[in-house]
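These notes concern the structure reproduced below.
2 protein chains.
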Amino acid sequence: MAQKPSIPKGTRDFSPAEVAKRNYIIENIQHQFKKFGFQPIETPSFENSDTLMGKYGEEGDRLIFKILNSGDFLRKADEKAYSEKNSLQITSSISEKALRYDLTVPFARYVVQHQNEIEFPFKRYQIQPVWRADRPQKGRFREFFQCDADVVGSDSLWQEVEFVQLYDAVFSALNLKGVTIKINNRKILSGFAEVIGEKDKLIDFTVALDKLDKIGEEGVKKEMLEKGISEAALDKIQPIFSLKGDFSEKIEVLRQILATSETGKAGIEELEFIQKAILSMPLKTAIIDLDVTLARGLNYYTGAIFEVAAPQQVKMGSIGGGGRYDDLTGIFGLKNMSGVGISFGLDRIFLVLEELDLFPPAVTENTRVLFINFGEKEALYALKAVRKLREEDVTAELFPDSAKMKKQMNHANKRNIPFVVLAGEEEMAQEKYTLKNMKSGDQQKVNAEELRAILSAN
Amino acid sequence: MAQKPSIPKGTRDFSPAEVAKRNYIIENIQHQFKKFGFQPIETPSFENSDTLMGKYGEEGDRLIFKILNSGDFLRKADEKAYSEKNSLQITSSISEKALRYDLTVPFARYVVQHQNEIEFPFKRYQIQPVWRADRPQKGRFREFFQCDADVVGSDSLWQEVEFVQLYDAVFSALNLKGVTIKINNRKILSGFAEVIGEKDKLIDFTVALDKLDKIGEEGVKKEMLEKGISEAALDKIQPIFSLKGDFSEKIEVLRQILATSETGKAGIEELEFIQKAILSMPLKTAIIDLDVTLARGLNYYTGAIFEVAAPQQVKMGSIGGGGRYDDLTGIFGLKNMSGVGISFGLDRIFLVLEELDLFPPAVTENTRVLFINFGEKEALYALKAVRKLREEDVTAELFPDSAKMKKQMNHANKRNIPFVVLAGEEEMAQEKYTLKNMKSGDQQKVNAEELRAILSAN
Numbered sequence: 187m188a189q190k191p192s193i194p195k196g197t198r199d200f201s202p203a204e205v206a207k208r209n210y211i212i213e214n215i216q217h218q219f220k221k222f223g224f225q226p227i228e229t230p231s232f233e234n235s236d237t238l239m240g241k242y243g244e245e246g247d248r249l250i251f252k253i254l255n256s257g258d259f260l261r262k263a264d265e266k267a268y269s270e271k272n273s274l275q276i277t278s279s280i281s282e283k284a285l286r287y288d289l290t291v292p293f294a295r296y297v298v299q300h301q302n303e304i305e306f307p308f309k310r311y312q313i314q315p316v317w318r319a320d321r322p323q324k325g326r327f328r329e330f331f332q333c334d335a336d337v338v339g340s341d342s343l344w345q346e347v348e349f350v351q352l353y354d355a356v357f358s359a360l361n362l363k364g365v366t367i368k369i370n371n372r373k374i375l376s377g378f379a380e381v382i383g384e385k386d387k388l389i390d391f392t393v394a395l396d397k398l399d400k401i402g403e404e405g406v407k408k409e410m411l412e413k414g415i416s417e418a419a420l421d422k423i424q425p426i427f428s429l430k431g432d433f434s435e436k437i438e439v440l441r442q443i444l445a446t447s448e449t450g451k452a453g454i455e456e457l458e459f460i461q462k463a464i465l466s467m468p469l470k471t472a473i474i475d476l477d478v479t480l481a482r483g484l485n486y487y488t489g490a491i492f493e494v495a496a497p498q499q500v501k502m503g504s505i506g507g508g509g510r511y512d513d514l515t516g517i518f519g520l521k522n523m524s525g526v527g528i529s530f531g532l533d534r535i536f537l538v539l540e541e542l543d544l545f546p547p548a549v550t551e552n553t554r555v556l557f558i559n560f561g562e563k564e565a566l567y568a569l570k571a572v573r574k575l576r577e578e579d580v581t582a583e584l585f586p587d588s589a590k591m592k593k594q595m596n597h598a599n600k601r602n603i604p605f606v607v608l609a610g611e612e613e614m615a616q617e618k619y620t621l622k623n624m625k626s627g628d629q630q631k632v633n634a635e636e637l638r639a640i641l642s643a644n
Numbered sequence: 187m188a189q190k191p192s193i194p195k196g197t198r199d200f201s202p203a204e205v206a207k208r209n210y211i212i213e214n215i216q217h218q219f220k221k222f223g224f225q226p227i228e229t230p231s232f233e234n235s236d237t238l239m240g241k242y243g244e245e246g247d248r249l250i251f252k253i254l255n256s257g258d259f260l261r262k263a264d265e266k267a268y269s270e271k272n273s274l275q276i277t278s279s280i281s282e283k284a285l286r287y288d289l290t291v292p293f294a295r296y297v298v299q300h301q302n303e304i305e306f307p308f309k310r311y312q313i314q315p316v317w318r319a320d321r322p323q324k325g326r327f328r329e330f331f332q333c334d335a336d337v338v339g340s341d342s343l344w345q346e347v348e349f350v351q352l353y354d355a356v357f358s359a360l361n362l363k364g365v366t367i368k369i370n371n372r373k374i375l376s377g378f379a380e381v382i383g384e385k386d387k388l389i390d391f392t393v394a395l396d397k398l399d400k401i402g403e404e405g406v407k408k409e410m411l412e413k414g415i416s417e418a419a420l421d422k423i424q425p426i427f428s429l430k431g432d433f434s435e436k437i438e439v440l441r442q443i444l445a446t447s448e449t450g451k452a453g454i455e456e457l458e459f460i461q462k463a464i465l466s467m468p469l470k471t472a473i474i475d476l477d478v479t480l481a482r483g484l485n486y487y488t489g490a491i492f493e494v495a496a497p498q499q500v501k502m503g504s505i506g507g508g509g510r511y512d513d514l515t516g517i518f519g520l521k522n523m524s525g526v527g528i529s530f531g532l533d534r535i536f537l538v539l540e541e542l543d544l545f546p547p548a549v550t551e552n553t554r555v556l557f558i559n560f561g562e563k564e565a566l567y568a569l570k571a572v573r574k575l576r577e578e579d580v581t582a583e584l585f586p587d588s589a590k591m592k593k594q595m596n597h598a599n600k601r602n603i604p605f606v607v608l609a610g611e612e613e614m615a616q617e618k619y620t621l622k623n624m625k626s627g628d629q630q631k632v633n634a635e636e637l638r639a640i641l642s643a644n
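These protein sequence lines are chains A and B, in that order.
Residue numbers for the first sequence follow the numbering used here, beginning at 187 and rising by one.
Residue numbers for the second sequence follow the numbering used here, beginning at 187 and rising by one.
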């Protein structure tokens, strides 16, 4: 008995319609990346383990897929770990390679390795799969695509302005109106910690603040108190729990709260620069908003922090995010390389477009016309026409077997092929084709030129 | 001291120019796949090990990259293998997943798993990376892309005709003229073995014959004799060692040699069907040739065998291949599903196009115009123009920092950006832009409309 085939949990097969829709999103992102001057790179699916290990924290290390060495790998296994049956300790001696976990660390490695070939500032984009041994759940997979654009080698705030414009350009091109580009700055968060006199509790503070949406003001305050932040401290920043109004109004409140923090004021200045530029170059369909609760990978970002929320009518987490990290390549020995970048969440964007019915029907159209196969002579006549149509960029096919008419028509129907051509002896004698519109049922006898004209039209 | 970054042997980083060229090839292949009615699918990078193991022979099993189980994987390690330190035996108990080795087995698995959603005959294409733990050498990598198109569920010979046309369409689109599509048939090879009375030595016979190009007639005969094929047997098929002339002339010789073999005659009939169809629909730039020495994975193919050779002036192995296999999905329990397919060798096609200088210059063009940054006010003026240009599909950038003029001009030069815009106070007052052609050195002052017109033109 043959095995019943299946795929590993957390992975997916993509059907033709799914691939077409995913490619529609990717092509739109890619097109805007290019128009903004980003250039593509690609890196190997697996890296040397020491390139990846230790870059994502302990939890990250655990979630990295390791590749078993080839051949007699146990021969080089660490002896102590082997005798103790210690899985964690033995890993590095039987596995030298690992699947990439994100595109950022490979990018940093690429920049350092190829620094002499690169002209800085370097604007690169990268659209490739990554792998994580996470527990699979709804919307979380063990293999998924990341779509990243980053600039390395410039600390100009114009980059941040460009990234806001880039988000707007992509979502506008996808006809996804009303996304909110939330923006914050690590310096604002540092400023908060500073003015409440809890500089060393920055992480606890922001981790709690990040949950405001989910657990509300009381919940956040409770968590902060538990972490040892005093009531008096919380009073000093009380206004941030109920920040309202537009970008400028929020800035004004922050200006008061952060009046005594140089870092905080620097953060405000950066936010204002971005806001001013966006006011002069209004976004097409996105909304920009200041969200001081936004933290995202705080250990990582040093300046701007971005996150994109889907339009309000859709319940979905963030569909994009990013920020500035001042020492991207330092881990590989190249200092003082500021980086800033954004990412698009392909899977979630897919779900949002699906829910809002925003995929243009043309995306999943495939074959436009199927020629019915009536036998060898007729098939050759048909295939000659098929060939001419393809030269005019019409997707055309001949049914491969001279099967029963009903079977062939069913095939066209099931595949949603809009036109069918029937050409038997009579048509061949007249150099014509009977063209049937599968939707209306109408059929007409046409010559080659008419056939081309009808099928080329959209 | 930070680690010096590197990548695993046999893998590659692709620079922007390399990605652009690879994508140019992939997009051309993909475009023709679609026009011929093939639909894309994608499968996970890793499969359950038992989906892959045992499908490629012992050597193949060895070359499959295995993924180490997560967590405390040693806990479930096979005890006997562990105590014996037997790497081969222990593998299946500490590794459940493996990176795909080709696209054919995952496709077969896909077809069986999704058979109820698929409308047969199913024409699918798939362009994804595969991984093999082969010894890396020039032109052989551990990660490389396969570009496959297959039809499953029809044994019509029109498919073979279509695949010859598809090869021709792709290589014509790539402007690679003069490729030879070599064709053979498993039934011809079986016929040879039959007429010399050595049916059971079919594999030895074809493995030797396959080397005719490399070791010559004497070498092949020597190997055949060593394998126990008699002199008398070789005499019977003597003409195949020096087959000359065009397709039809070769067929005539085969007709004589294979006169007593029903299988051989069936093979001739199939070849003639294909040849006749191609004569009625002549190829655009490719040459079709009958090559009876072609064996390619003989254990696999049951009918037509294809291989594409680069134009003669380029020394390069095959740049594509394929054939018919009558029981594609049998390994997963779905019987009687004939499949036929072809593959394009992306890496080798890349090298051939490079050697013949066939990449259109536009492929590696990126940013068309760089705006010089003279400071905050000027940068905003520039960015507004950049934005308008992008809306007209012109790739435009602002240099992010108001660095020294020389540095900014150098950046444009090093990146081969053909135009630079200089807009300072004077230009801003006049609502103009000074446009410099970096090649000719000419510069002119233009308004927004003129700027757009010049930069949009090709």
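Heads up, the beta-carbon is just placed ideally off N, CA and C, and yes, glycines get one too.
Output the distance between the C-alpha atoms of residue i and residue j, rounded to the nearest integer angstrom.
i, j, result
"residue 160 of chain A", "residue 345 of chain B", "Outside the displayed span of chain A (187 to 644) sits residue 160 of chain A, for which this structure offers no information."
"residue 624 of chain B", "residue 539 of chain B", "28 Å"
"residue 306 of chain B", "residue 361 of chain A", "35 Å"
"residue 420 of chain B", "residue 382 of chain B", "7 Å"
"residue 531 of chain B", "residue 586 of chain A", "26 Å"
"residue 252 of chain B", "residue 547 of chain A", "40 Å"
Following the continuous alpha helix (DSSP H) through residue i, name the residue where it begins and the one where it ends.
i, result
"residue 159 of chain B", "Residue 159 of chain B lies beyond the stretch modelled for chain B, which goes from 187 to 644, so this question has no answer here."
"residue 357 of chain A", "344 to 359"
"residue 391 of chain B", "388 to 395"
"residue 640 of chain A", "634 to 642"
"residue 548 of chain B", "No alpha helix (DSSP H) contains residue 548 of chain B, which DSSP labels as neither H nor E."
"residue 575 of chain A", "562 to 577"
Kindly indicate which three-state DSSP category residue i falls into: helix, strand or coil?
i, result
"residue 383 of chain B", "coil"
"residue 326 of chain A", "strand"
"residue 513 of chain A", "coil"
"residue 266 of chain B", "helix"
"residue 399 of chain A", "helix"
"residue 252 of chain B", "strand"
"residue 559 of chain B", "coil"
"residue 670 of chain B", "In the structure as shown, chain B starts at 187 and stops at 644, and residue 670 of chain B therefore has no counterpart that could be examined."
"residue 437 of chain A", "helix"
List the residues that DSSP assigns as beta-bridge partners of residue i.
i, result
"residue 508 of chain B", "B/492, B/528"
"residue 237 of chain A", "For residue 237 of chain A, which the question treats as bridged, DSSP gives no partner whatsoever."
"residue 335 of chain B", "B/311, B/528"
Please report the residue range of the beta strand (DSSP E) in which residue i lies.
i, result
"residue 445 of chain B", "Unbroken run through residue 445 of chain B: none, as it is neither H nor E."
"residue 620 of chain B", "619 to 623"
"residue 150 of chain B", "Any question about residue 150 of chain B goes unanswered here, given that chain B covers just 187 to 644."
"residue 582 of chain B", "582 to 584"
"residue 228 of chain A", "Note, residue 228 of chain A: premise wrong, no beta strand (DSSP E); not H, not E."
Is residue i buried or exposed, if buried means 16 or more other CB atoms sit within 10 Å of its CB?
i, result
"residue 446 of chain A", "exposed"
"residue 615 of chain B", "exposed"
"residue 645 of chain A", "Any property of residue 645 of chain A remains undetermined from this structure, which presents chain A solely from 187 to 644."
"residue 299 of chain B", "buried"
"residue 641 of chain A", "buried"
"residue 643 of chain B", "exposed"
"residue 650 of chain A", "Coverage of chain A is limited to positions 187 through 644, which leaves residue 650 of chain A absent and any answer about it impossible."
"residue 321 of chain A", "exposed"
"residue 639 of chain A", "exposed"
"residue 197 of chain A", "buried"
For the ligand PLP, is there a heavy atom less than 7 Å away from the beta-carbon of residue i?
i, result
"residue 275 of chain A", "For the structure depicted, the ligand PLP is absent and the ligand set is empty, with no information on it obtainable."
| task | Select from the segment 212 to 234 of chain A all residues with a C-beta closer than 8 Å to any C-beta belonging to chain C, and list them in chain order. | result | Judged by its chain identifiers, the structure shown contains no chain C, and its protein chains are A and B.
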